[in-house]
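Comments concern the structure below.
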Amino acid sequence: MNPLPDCILCPLGTQGRRWTVPGAGPVPSTVMLVGEAPGAEEDATAVPFVGASGRKLRESLVRLGYDPDQMYITNLVKCRPPQNRDPLQVEVDICTAHFLRLEIATVNPQVIVAVGRYALGHFLLGGAISDAHGKPRWVGGRVLLPVYHPAATLYSPQMETVFQADLAALTAALELARYGDRVVRVNDGIAPRASVVALDTETRIRDGQIVCYSTAVSGEEAWVEKR
Ligand code: URA
Numbered sequence: 442m443n444p445l446p447d448c449i450l451c452p453l454g455t456q457g458r459r460w461t462v463p464g465a466g467p468v469p470s471t472v473m474l475v476g477e478a479p480g481a482e483e484d485a486t487a488v489p490f491v492g493a494s495g496r497k498l499r500e501s502l503v504r505l506g507y508d509p510d511q512m513y514i515t516n517l518v519k520c521r522p523p524q525n526r527d528p529l530q531v532e533v534d535i536c537t538a539h540f541l542r543l544e545i546a547t548v549n550p551q552v553i554v555a556v557g558r559y560a561l562g563h564f565l566l567g568g569a570i571s572d573a574h575g576k577p578r579w580v581g582g583r584v585l586l587p588v589y590h591p592a593a594t595l596y597s598p599q600m601e602t603v604f605q606a607d608l609a610a611l612t613a614a615l616e617l618a619r620y621g622d623r624v625v626r627v628n629d630g631i632a633p634r635a636s637v638v639a640l641d642t643e644t645r646i647r648d649g650q651i652v653c654y655s656t657a658v659s660g661e662e663a664w665v666e667k668r
C-alpha cells in the first residue's frame with residue numbers, strides 16, 4: 442500500500458501520533474492479518490507489527506512454515522493511541538470505514554486473521570475471543586480466523602501454547618477457504634508421487650444412506666468430502 446495521507450478524521454490524528462501507519466504486504470494476498478493499532482515502534486517506522494508483538498507474530502508464522510512477507514499485514518486503526526490505550530469504538534468506526542474496508546476490497550484475501558479481541562469484534566459483532574480463537578469460520582464470504590493477540594504471550598507465558606495453536610489453525614482456515622465446508626479432512630503427502638494415477642472412491646453406508654465419500658488423487662493431497 443502507498444503511504445497513507447496524514448489522517449485527522451478521528452481524534453487519534455491529533456493526539457501525538459507520528460504516522461498514519463499503512464498496511465504492508467502483497468496485493469492481492471491470500472492471507473490478511475488485522476491487528477489492533479500501531480504501537481511505539483510502528484509509529485516510529487510507519488510499518489505495522491515490527492515491535493515485540495510483531496516479532497512474535499512473524500517468528501511464529503515462520504516456525505509454522507509460512508512466509509509473513511507473503512501476507513498482507515494491517516491494523517484496525519492506523520494511528521497509535523496515546524500510551525497504547527485501547528482504541529475507542531468511534532475511532533475504530535471512522536478508521537475502518539475509511540481505510541480497512543478499502544484495503545479488504547483491494548487485497549481480496551481468502552482468509553482474514555483477526556489478531557486480538559478488537560479485530561475480532563470488528564468482524565464478528567459480539568464475538569468473544571475466548572470462544573472464537575483458533576476456530577476458522579465463514580464471515581461475509583471470506584474465512585475468518587480469530588487468534589489471541591501475540592502481546593498476550595508477552596505478559597502471560599502460559600498463553601504461548603494457546604497462541605501457537607491459534608496460528609497453526611491457519612492451515613485449517615486455508616483448507617476451508619480452498620475446499621469449502623464439504624471437505625472434512627485433508628491430508629497432505631499421503632498420495633504417492635507417480636506418473637500412473639490411481640483414483641479411488643470409497644463410500645460409507647449408515648442406515649442405507651451414503652453419508653460421505655473419500656477420494657484420493659495423485660500428487661500431494663487426499664481428502665474426505667461430505668455427501
Ligand atoms: N499491535 C498491533 O495490534 N498492531 C501493531 O501493528 C503492533 C502491535
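Going from the sequence shown to this note's numbering is simple: count from 1 and add 441. Just so you know, even glycine gets a beta-carbon here, dropped at the ideal spot from N, CA and C.
Buried versus exposed call for residue i [16 or more other C-beta atoms within 10 Å across all chains shown]
i, result
"residue 602", "exposed"
"residue 631", "Bear in mind that the predicted position of residue 631 carries a pLDDT of just 48, short of 50, making it unreliable; the figure below should be weighed with that in mind. So residue 631 counts as exposed."
"residue 638", "Bear in mind that the predicted position of residue 638 carries a pLDDT of just 48, short of 50, making it unreliable; the figure below should be weighed with that in mind. Exposed, because fewer than 16 other Cβ atoms sit within 10 Å of the Cβ of residue 638."
"residue 528", "buried"
"residue 455", "exposed"
"residue 453", "buried"
"residue 504", "exposed"
Residue i CB to nearest heavy atom of the ligand URA below 8 Å
i, result
"residue 478", "yes"
"residue 603", "no"
"residue 593", "no"
"residue 489", "yes"
"residue 552", "no"
"residue 483", "yes"
Residues that DSSP places opposite residue i in a beta bridge
i, result
"residue 476", "516"
"residue 583", "580"
"residue 486", "Note: residue 486 sits in no beta bridge, so no partner."
"residue 588", "556"
Reduced DSSP secondary structure (H/G/I, E/B, other) of residue i
i, result
"residue 553", "strand"
"residue 468", "coil"
"residue 533", "helix"
"residue 491", "coil"
"residue 462", "coil"
"residue 635", "The predicted position of residue 635 is uncertain, since its pLDDT is 46 and thus under 50; a value taken from the coordinates is nonetheless stated next. Correct three-state label for residue 635: coil."
Length of the line joining the Cα atoms of residue i and residue j
i, j, result
"residue 488", "residue 563", "22 Å"
"residue 546", "residue 555", "16 Å"
"residue 478", "residue 581", "23 Å"
"residue 511", "residue 467", "6 Å"
"residue 534", "residue 597", "30 Å"
"residue 490", "residue 607", "18 Å"
is_contact[residue i, chain B] using C-beta, thresh 9 Å
i, result
"residue 472", "Protein chain content of the structure displayed is limited to a single chain, and chain B is not contained in it."
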